[in-house]
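Chemist:
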Amino acid sequence: MKNNGLFSSLFIDELKASITLDDATQGRMATLAQTWRSRNTQDTESLWDSFMKQALGYLEFVPPSSPTAPNVYPLYEDWGFAEYISVLCLVPPGTEIDDTSVGRFYPAKLLAQLKQRKLNWGILTDGARWRLYSTKSSRPYEDYVELPLAEALEGSDEAEYGLFERFFHKDCFVNDECGMRNDEKGEKKDSSFI
5 MKNNGLFSSL
15 FIDELKASIT
25 LDDATQGRMA
35 TLAQTWRSRN
45 TQDTESLWDS
55 FMKQALGYLE
65 FVPPSSPTAP
75 NVYPLYEDWG
85 FAEYISVLCL
95 VPPGTEIDDT
105 SVGRFYPAKL
115 LAQLKQRKLN
125 WGILTDGARW
135 RLYSTKSSRP
145 YEDYVELPLA
155 EALEGSDEAE
165 YGLFERFFHK
175 DCFVNDECGM
185 RNDEKGEKKD
195 SSFI
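Numbering-wise (my numbering), the sequence shown opens with residue 5 and increments by one.
1) Taking 8 angstroms as the threshold (C-beta atoms), are Val-95 and Leu-128 in contact?
2) In angstroms with no decimal places, state the Cα-to-Cα distance between Pro-67 and Asp-17.
3) Mind checking Trp-52: buried by the 16 CB within 10 Å criterion, or exposed?
4) Count the other CB atoms, across all protein chains shown, that sit within 10 Å of the CB of Glu-164; report buried if there are 16 or more and exposed otherwise.
5) Output the boundary residues of the beta strand (DSSP E) element that contains Arg-135.
6) Closest to Pro-74 by C-alpha separation, out of Gln-117, Ser-22 and Ser-160, would be which residue?
7) How would you call Ser-13, buried or exposed, if buried means at least 16 neighbouring beta carbons within 10 angstroms?
8) Over the uninterrupted beta strand (DSSP E) stretch that includes Lys-174, give me the two end residues.
9) Could you work out which residue in Asp-82, Pro-97 and Asp-26 is closest to Met-56 when comparing CA atoms only?
10) In angstroms with no decimal places, state the Cα-to-Cα distance between Phe-109 and Asp-103.
11) Could you pull out every residue in the same chain whose Cβ sits closer than 8 angstroms to the Cβ of Asp-203, ignoring the five residues on either side in sequence?
12) Could you tell me which residues DSSP pairs with Trp-52 in its beta bridges?
13) Am I right that Leu-115 and Pro-144 are in contact with their C-beta atoms under 8 angstroms? What's the rounded C-beta distance?
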């Protein structure tokens, strides 16, 4: 996991050292690795249907069937689709996640969607790399944590996959289990967040 100023590096190192995967989590990792190898990267919709929905399902999010804006998917807590708890911005296959050209600066697109929905935490991904951004950061466009999910799956890296399920799981966005409550009431100060 790459920490680009969003959390304390000590916090992430302590988490990584303490992670152990149970049988169910190891099974999810193996199945998701199979899904990753057989994903369809023809276009964003194909990637969404062939990989992203399953990955988000393992994180217990309820994903919509289609985006609400180009490449923007609100993520829901339950099948009632009543309240979104985060937003995922999916970078199109073959596009650089760090592209800063006009109209392609994906962190700005994600953060604008989060502010519009009054949410604090969101996910930016191309499927291979997953980033967590916060509107509460002092440098919201530059601060993030990035997990190389493709590398973790291809290398069967249990510690990295454990961090993936820890940081990107629905419970971190809903129940404040990771010190990251995802609404405007989430003013809790967490020593792990810089």
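Using N, Cα and C, we set each Cβ at its ideal position, and we do this for glycine too.
Modeler: If we stick to the structure as given:
1) Between Leu-128 and Val-95, the C-beta gap is smaller than 8 angstroms, which places the two residues in contact.
2) CA-CA distance, Pro-67 to Asp-17, rounds to 30 angstroms.
3) Answer is buried; the Cβ neighbour count reaches 16.
4) Residue environment analysis places Glu-164 among the buried positions, since at least 16 neighbouring C-beta atoms fall within 10 angstroms of its C-beta.
5) Element bounds for Arg-135: 133-138.
6) The shortest C-alpha separation from Pro-74 is found at Gln-117.
7) Exposed: under 16 other Cβ atoms inside 10 Å.
8) Unbroken run through Lys-174 is the alpha helix (DSSP H), 174-178; no beta strand (DSSP E).
9) Restricting attention to Asp-82, Pro-97 and Asp-26, the CA atom closest to the CA of Met-56 is found in Pro-97.
10) Spanning the two alpha carbons is a distance of roughly 6 angstroms.
11) Residue 203 lies beyond the range of the chain shown here (5 to 198); nothing can be said about it.
12) Its beta-bridge partners do not exist; DSSP assigns none.
13) Between Pro-144 and Leu-115 the Cβ distance is about 5 angstroms, and since that is below 8 angstroms, they are a contact.
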